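See below for the structure under consideration.
Residue numbers (the numbering used here): 1479 to 1574.
Shown next, in the form of structure tokens:
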């Protein structure tokens, strides 16, 4: 169990942290909204609703996060994290 904790801490401190730190506060709000779905794809409409915005409003954030390599669009109307485990990181560090 100690090895799992050590591995998670190292991923959190480097791999995931580097991605989180590249996101703006508005992009982080979107990543937090996506985290409710775990590592599964999120509906763009649901993410917009969770952030209190309309779908067209998240378009620029979506494009920016895709450009930064943090999310991708697996199919029309969906977005997902590019790396497994990012949702759990977001849950652990959403207030950082």
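Glycine included, each C-beta is placed from N, C-alpha and C at the ideal position. Please read these numbers as outputs of a predicted model, since none were measured by experiment.
query, result
"For the alpha helix (DSSP H) that residue 1551 lies in, which residues bound it at each end?", "Unbroken run through residue 1551: none, as it is neither H nor E."
"By Cβ distance below 6 Å, which residues in the same chain neighbour residue 1546 in space, the five residues on each side in sequence not counted?", "1500"
"Please report how far the alpha carbon of residue 1540 lies from the alpha carbon of residue 1524, in whole angstroms.", "13 Å"
"What residues match up with residue 1558 in a beta bridge as DSSP calls it?", "1550"
"Okay, do the segment 1507-1517 and the segment 1561-1573 touch, 3+ Cβ pairs below 8 Å being the bar?", "yes"
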